[in-house]
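In the working numbering, the protein residues as written are 1 to 466. C-beta atoms are modelled at their ideal positions from N, C-alpha and C, and glycine is treated no differently. Worksheet for the structure shown next.
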């Protein structure tokens, strides 16, 4: 549990935030680096291979978005019950989250395997002619990665639960092992090193799957042995659904899940529109998405810290401390992401060439990537304050704001700038920048209202009355 003291100076609070956040930041940083290395390896196979993996991953992100109901709800409730020192309630949330996750991930994995090719074909509906290489290799990639979610979702839930009690280090250690396995297996299987077969795109999927399997097994081991402040006694666990606990998780989690579906659904539409501009443009967009992942993942790491700090502070009934933690975390993140953005802006071309030496891809990606980099400090505020509101259980407002931004502002401007005015890929990214600006203003307005501080308390009162 985080030490919740209201007598800290701003400097002392920032030091506390950094101590809590650095493992999450490093974990997300490592995840982004591994993702970048994977894309580099796949990019060496050509633009079509890069497009196949990128379009497949767009679909996977939708699946992961649908599953965040469990992870966000679990983190918020475990953080609150930990702050309130109610270990019995926290343990109930832990067990029910994992049981639900295993059931849900199995169902979605089966459906994903069955419909993988149909989903990918739908992604290319705006292409003049379906790229058979992308369809064939992307379908294989999707089926393998869908199957791995049987282990992937439990791993996500375990990390979320550990985050809720304030343990950011154990998920980091698990991620290190997972990423090492992922990267090594990808290298061996993509290129066929030694006696390993050369599997190309499929090899990347197998590497991802093996990493998730090992990570999930380690996570279950941590819970069973109680090495991280959470322990599951298998002899006392009832492996059946407790609908009351699950309802509490999903009351917070469903809006967060819908938020992710709104975000990833819009990304699917953008990918469809970009695919209509050709395989080269899809590859360029994939490079921009991956090229900016390091600062974004650092921002997500601090966002996780804000979720835990705000949730535990509110659980301990320290509303002003919760608000101050959110503000100070946003301030730190804005500075760090701003500093990182400077060299990225200067060396945009060399960064792009790490992924592809195709001159057409480089020329299309460069101006759009520079635009995206300029917005990183503002994006930092948006990510952290959104994380703070989730920690308070205020997931409905983050859902409303993402809907307004992605489907209102960004979608309309993407169609206007990208297609109607003919700016192509750069038009899509100008629309993204404006979307982030609008959402940041809205999220700061919600945070300054202080209404988010009352949400979980009102839910508890409603339960007592009922």
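query = Around the Cβ of residue 145, are there at least 16 other Cβ atoms within 10 angstroms (buried) or fewer (exposed)?
reply = buried
request  = Below 8 Å on the Cβ atoms is my guess for residue 166 versus residue 312; work out the distance and round it to an integer in Å.
outcome  = 7 Å
task = Ignore the nearest five residues each way along the sequence and tell me which others in residue 417's own chain have a CB closer than 6 Å to its CB.
result = 423, 427, 430 and 431
task = Tell me whether the beta-carbon of residue 275 lies closer than 8 Å to the beta-carbon of residue 123.
result = yes
message = According to DSSP, is residue 454 part of a helix, a strand, or is it coil?
response = helix
request  = Select from 363, 176, 277 and 70 the residue whose C-alpha is nearest the C-alpha of residue 26.
outcome  = 176
ask   = On the three-state DSSP scale, how would you describe residue 423?
value = coil
Status (buried if at least 16 other CB within 10 Å, exposed otherwise) for residue 420 = exposed
inquiry  = Using only the alpha-carbon positions, how far apart do residue 345 and residue 283 sit?
reply    = 20 Å
query = Distance, Cα to Cα, residue 291 vs residue 310?
reply = 31 Å
ask   = How is the alpha helix (DSSP H) around residue 265 delimited, first residue to last?
value = 243-275
key: Residue nearest to residue 476 in terms of C-alpha spacing, selected from 243, 89, 356 and 271   = As shown, the chain starts at 1 and ends at 466. That puts residue 476 outside it, with no answer to give.
key: Alpha carbon of residue 425 to alpha carbon of residue 243, nearest angstrom   = 46 Å
request  = Report yes if the CB atom of residue 447 is closer than 8 Å to the CB atom of residue 389, and no otherwise.
outcome  = yes
Through-space distance from residue 195 to residue 303, alpha-carbon basis = 43 Å
ask   = Are the CB atoms of residue 178 and residue 211 nearer to each other than 8 Å?
value = yes
key: First through last residue of the alpha helix (DSSP H) which encompasses residue 133   = 132-164
Buried versus exposed, by CB contacts within 10 Å (16 or more), residue 323 = buried
task = Take residue 260 and list the residues in its own chain whose beta-carbon comes closer than 6 Å to its own, dropping the five residues that flank it on each side.
result = 65 and 68
key: Rounded straight-line distance, which links the Cα of residue 262 to that of residue 149   = 21 Å
ask   = Taking residue 249 as the reference, which of 170, 200, 101 and 38 has the closest Cα?
value = 101
key: chain D within 8 Å of residue 139, Cβ atoms only   = The chain labelled as chain D is not found in the depicted structure, where only one protein chain is given.
message = Using only CA atoms, which one of 9, 140, 162 and 183 lies nearest to residue 97?
response = 162
key: residue 75 versus residue 433 - alpha carbon distance   = 29 Å
task = Within 10 angstroms of the Cβ of residue 13, are there 16 or more other Cβ atoms? Answer buried if so, exposed if not.
result = buried
inquiry  = So, at 7 Å on beta carbons, what are the nonlocal neighbours of residue 409 in its own chain, with the 5 sequence-adjacent residues on each side left out?
reply    = 434, 435 and 438
key: residue 92 (DSSP reduced to helix, strand or coil)   = helix
key: Cutoff 7 Å; reference residue 406; Cβ partners in own chain excluding five residues on either side   = 262, 263, 266 and 435
Residue burial classification, residue 86 (beta-carbon count within 10 angstroms, cutoff 16) = exposed
task = State the CB to CB distance for the pair residue 245 and residue 92, rounded to an integer number of angstroms; the pair is presumed to be in contact (CB under 8 Å).
result = 5 Å
query = Regarding residue 185 and the ligand COA, is the C-beta to nearest heavy atom distance less than 7 Å?
reply = Among the ligands in the structure shown, none appear at all, so the ligand COA cannot be discussed.
request  = With DSSP collapsed to three states, give me the class of residue 240.
outcome  = coil
task = Whole angstroms is fine: what's the gap from residue 155's alpha carbon to residue 47's?
result = 32 Å
request  = Would you be able to state if there are at least three C-beta pairs under 8 Å between the stretch 316-332 and the stretch 346-353?
outcome  = no
ask   = Is DSSP giving residue 199 helix, strand or coil here?
value = coil
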